[in-house]
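*Asks:* According to full-length UniProt numbering, the sequence shown is numbered sequentially starting from 1.
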Amino acid sequence: MEELLDFFHLNIDFPITDPTWIFFLVLVIILFAPIVLERLRIPHIIGMILAGIVIGEHGFNILARDSSFELFGKVGLYYIMFLAGLEMNMEDFKSIRVKATVLGLLAFIFPLGIGVWTNLNLLGYGLITSVLLASMYASHTLIAYPIVIRYGINRQRAVSIAVGGTAVTDTLTLLVLAVIAGMYKGDTSDMFWVWLVLKVVVLSVVIMLTFPRIGRWFFRRYSDQVVQYIFVMAMVFLGAGLMELIGMEGILGAFLAGLVLNRLIPHVSPLMSHLEFVGNALFIPYFLIGVGMLINVNVLFGHIDSIKVAGVMIVVALLGKWIASWLTQKIYRMKAVERELMFGLSNAQAAATLAAVLVGYNIILPSGERLLNEDVLNGTILLILVTCVVSSFITEHAAKRIAMDDAELDEEKEQQKERILIPVANPDTLDKLMQLALVVRDEKRTDNLVALNVINDNNDSVRLEMRGKRSLERAAQIAASANVFLKTVSRFDLNIATGILHTAKETEATTIVIGLHNKANIVDSFFGNLTEDLLKNTYQQVMIARFLMPVNTLRRIIVAVPPKSEFEHGFVKWITHLCRMSSQLGCRLHFFAHPQTLGYIKGYIQKKHKDVMTEYQELDNWDDLLIITGQVNYDHLLVIVSSRRGSISYDSSFERLPMQVSRYFNNNSIMLLYPDQKGDPNETLSFADPRGWAETQYYDKVGNWFYKWFKKDS
């Protein structure tokens, strides 16, 4: 290298210290490593680590592992743990939290137990050294987590179990590390470890209680995406810093921050897209390259003791994690590919392992020896390299199989084509209507959003056209920032209602999302002429919404359902949309309906959306919605399922609905939902009925059975 530079008369000293060239070389690695290794069918993560080995001081010494790698590396490590908590499906996690705890305990106990025995008997270390070294086998880092994000399976059950197990395992490992480190820092009181556990528990509770409230308050007042991103990152590092303040590693605080901010950042939101983009594009690759720069491949040659120690460490770590994954799979009767995915995610050693070995290496015993000698330090580097490679390959293989299986299932379902039309006439409601459309849409479809601007053919059409163009650009920007394709349509028509109706037919829209009309004067109607014309002349589902706060800050969805609505053609569709919304926002669905209707709703949700948090309450008197006013708070969304005149569930009391909404719910976010009036009624009931009794046409017989079933099950 130096001879080549001398030939071109270039004076460059290695390792390079100029910040410009350091950052340039890192960007080149981040750019080309995935491109090159993709052709070799090697996971991208391994490419970053191998690149770090090549350019590091133990390779060609092109770059030194300076403070920038330490800074960005720590940010990347926190980012991995934060995204792991943020991507976790909280509804799924509640149902698998016991499984995650079991995996975490098994992944801690088996590597620790096997490790202590092998360290004492095979390597001849003392008890304290053996315990600390064995705790390193137990810890793991979610190095391979970006792989499951790339394959879109981050909300799979096995992934949630592995992520939750990581939090349990690393917490126990870090507690062991803190206790042993405290023993050599003079903190040898009998109550030391008790106080440490107590501080961790208290701080975790404080984070879980205060961070969501602070986040909800902030998001309601500030909508700028850059400001929101900076706020979220500040919360992540606040959580990490507080954990370090009490003697724990910051990765636990970063994970908790992601867990508690989960509900405020929907999976399909622009903010989520920005968080994933910045992390995967810069911080996480920086961390992986920094890990590679620590690895010294020279230990493979001429260091028999290091190889022996590394061999024992690698075998024990992999064996312990495999046993934990195998037992978890057998206990809960999971699929073999799920065991493979859990094992792949839970066997990579990096963050906590490095922390433990560096702490042990820096502890000097009274005899002058180090608690963990150089053989252990070198063996740890090999352990990190091998486990990261194994983790990446296994996770990639399992993730690909699961993604292919999911794709085949989706093709078999052949679901009805979905397309949501969003008229964007009012710039004040545009952002919230787009947020609503993003959380109710089917994520697996790429072309199901259409934004429309209708221009009246009048003298002011030029100004309206320019304003509409800006609105469409804003809608496209919101969708693009969430990685969602949006088709934009601008058209001239005699009036806005006609333009919406024509566009709905041309685009085959199945749902129309509009804002609630603002009354201009006392003689103006509640819905306005536009909405009334739409309801009279279309059979598609119409969502009429008014949000007083950002959609992602809602805490509960209250749904008032009229009797016999289960026999409407759009029954399944509106429940599906509300379940998607509940899942994305992490909030509870609370249904108020007649007991017979509640039976159908509960049957469908338990069959198709059993992970959604729900509550059910009888509403015998639909004539007066006053009885549910006490249930609707300022941060709730009230959804009133209505129907058009002449439909099965239509009732004369709907005529008083505008008055009731204006009087009782004027200070609440509200959605008036008019279901589809076209479809196959047998299909609706077959979804609603949990026992497959939809073919019957006797309402009283089926309704009475559901009434008894609902009463019994409740």
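Each residue gets a CB set at the ideal place from its N, CA and C atoms; glycine is no exception.
Among the candidates Lys444, Leu341, Gly76, Ser367, whose CA atom is the shortest distance from the CA of Arg401?
*Replies:* Leu341
*Asks:* What is the rounded straight-line gap between the Cα of Arg441 and the Cα of Leu449?
*Replies:* 8 Å
*Asks:* Check whether the segment 207-225 touches the segment 551-567, taking contact to mean three or more Cβ pairs, one atom from each stretch, closer than 8 Å.
*Replies:* Yes: the two stretches touch, three or more of their Cβ pairs being nearer than 8 Å.
*Asks:* Which first and last residues belong to the alpha helix (DSSP H) in which Leu534 is found?
*Replies:* 528-537
*Asks:* Looking at Ile161 and Lys99, is the spacing between their C-beta atoms short of 8 Å?
*Replies:* yes
*Asks:* Helix, strand or coil for Thr328? Go by DSSP, reduced to three states.
*Replies:* Thr328: helix per DSSP, three-state reduction.
*Asks:* Could you tell me which residues DSSP puts in a beta bridge with Gly279?
*Replies:* DSSP, once it has assigned bridges, lists no residue as partnering Gly279.
*Asks:* What did DSSP end up calling Ala100 once you bin it into helix, strand or coil?
*Replies:* Residue state, collapsed to three classes: helix.
*Asks:* Taking 8 Å as the cut-off, does the segment 416-423 touch the segment 494-507 (at least 3 CB pairs, one atom from each stretch)?
*Replies:* yes
*Asks:* Using DSSP bridges, identify the partner residues of Tyr674.
*Replies:* Answer is Val542, bridged to Tyr674.
*Asks:* Cα separation between Phe343 and Leu589?
*Replies:* Here the alpha carbons of Leu589 and Phe343 stand approximately 35 Å from one another.
*Asks:* Use the C-beta contact count for Thr210: other C-beta atoms within 10 angstroms, 16 or more gives buried, fewer gives exposed.
*Replies:* exposed
*Asks:* Out of curiosity, what's the CA-to-CA distance linking Pro19 and Phe69?
*Replies:* 11 Å
*Asks:* Kindly list the residues whose CB is nearer than 8 Å to the CB of Ile496, restricted to its own chain and excluding five residues on each side of it in sequence; keep chain order.
*Replies:* The beta carbon of Ile496 lies closer than 8 Å to those of Pro423, Ala425, Val454, Asn456, Leu530 in the same chain, with the five residues before and after it left out.
*Asks:* Can you give me the Cβ contacts of Leu228 inside the same chain, cut-off strictly under 8 Å, excluding the 5 residues immediately before and after it?
*Replies:* The residue asked about is misnamed: residue 228 is Gln in this sequence, not Leu. Same-chain partners within the cutoff: Phe218, Phe219, Tyr222, Leu271.
*Asks:* Hey, out of Leu172, Tyr332, Val309, whose CA is closest to Thr118's CA?
*Replies:* Val309
*Asks:* Let me check understanding here. Comparing Cα to Cα, which of Ile147, Asp305, Ile304 lies closest to Ala398?
*Replies:* Ranked by Cα distance from Ala398, the first of Ile147, Asp305, Ile304 is Ile147.
*Asks:* Tell me, please, which residues DSSP counts as bridged to Thr614.
*Replies:* Leu589
*Asks:* Less than 8 Å between the C-beta atoms of Arg463 and Leu535, yes or no?
*Replies:* no
*Asks:* In the DSSP assignment, what residue or residues form a beta bridge with Arg645?
*Replies:* The partner list for Arg645 (beta bridge, DSSP) is empty, contrary to what the question assumes.
*Asks:* Buried or exposed: where does Asp410 fall if 16 or more other Cβ atoms within 10 Å of its Cβ makes it buried?
*Replies:* Confidence at Asp410 is low in this model, with a pLDDT of 49, below 50, so its placement is unreliable and the value that follows should be read with caution. Exposed is the call here.
*Asks:* Where does Lys444 sit, in a helix, a strand or coil, going by DSSP?
*Replies:* coil
*Asks:* Go through its chain and collect everything with a Cβ distance to Glu568's Cβ below 8 Å, but skip five positions before and after it.
*Replies:* Ser643, Ser647, Ile648, Ser649, Pro675, Asp676, Gln677, Thr684
*Asks:* Pick helix, strand or coil for His517, following the three-state DSSP scheme.
*Replies:* In the displayed model, His517 falls within coil according to three-state DSSP, outside both helix and strand.
*Asks:* Taking 7 Å as the limit between beta carbons, can you name the residues of its chain near Val54, skipping five residues before and five after?
*Replies:* Phe60
*Asks:* Using 8 Å for Cβ pairs, my map puts Leu516 next to Ala560. What's the rounded Cβ distance?
*Replies:* Actually they do not touch by this definition, with Cβ atoms about 16 Å apart.
*Asks:* Who are the Cβ neighbours of Leu133 in its own chain at under 7 Å, not counting the five residues just before and after it?
*Replies:* Gly115, Asn119, Tyr125, Leu372, Val376
*Asks:* Roughly how many angstroms separate the alpha carbons of Cys587 and Ala234, rounded to a whole number?
*Replies:* 24 Å
*Asks:* If you draw a straight line from the alpha carbon of Asn362 to that of Ala281, how long is it in whole angstroms?
*Replies:* 34 Å
*Asks:* Give me, in chain order, the residues of the same chain whose beta-carbon lies closer than 8 Å to that of Phe283; leave out the 5 immediate sequence neighbours on both sides.
*Replies:* Here the set comprises Phe72, Val75, Gly76, Tyr79.
*Asks:* Nearest to Leu177 by CA position, among Val206, Ser135, Met208, Leu203, is which residue?
*Replies:* Ser135
*Asks:* For the beta strand (DSSP E) holding Ala451, just list the boundary residues, first then last.
*Replies:* 449-456
*Asks:* Give me whichever residues DSSP pairs with Lys487 in a beta bridge.
*Replies:* Val450
*Asks:* My guess is that Val439 and Met613 are in contact by the Cβ rule of under 8 Å, so how many angstroms apart are they, rounded?
*Replies:* Contact doesn't hold; Cβ gap of about 15 Å is too wide.
*Asks:* Please name the residue, chosen from Glu655, Ile265, Val390, that lies closest to Gln584 on a Cα-to-Cα basis.
*Replies:* Ile265
*Asks:* Look at the alpha carbon of Lys564 and the alpha carbon of Leu430, and state the distance between them as a whole number of angstroms.
*Replies:* Spanning the two alpha carbons is a distance of roughly 33 Å.
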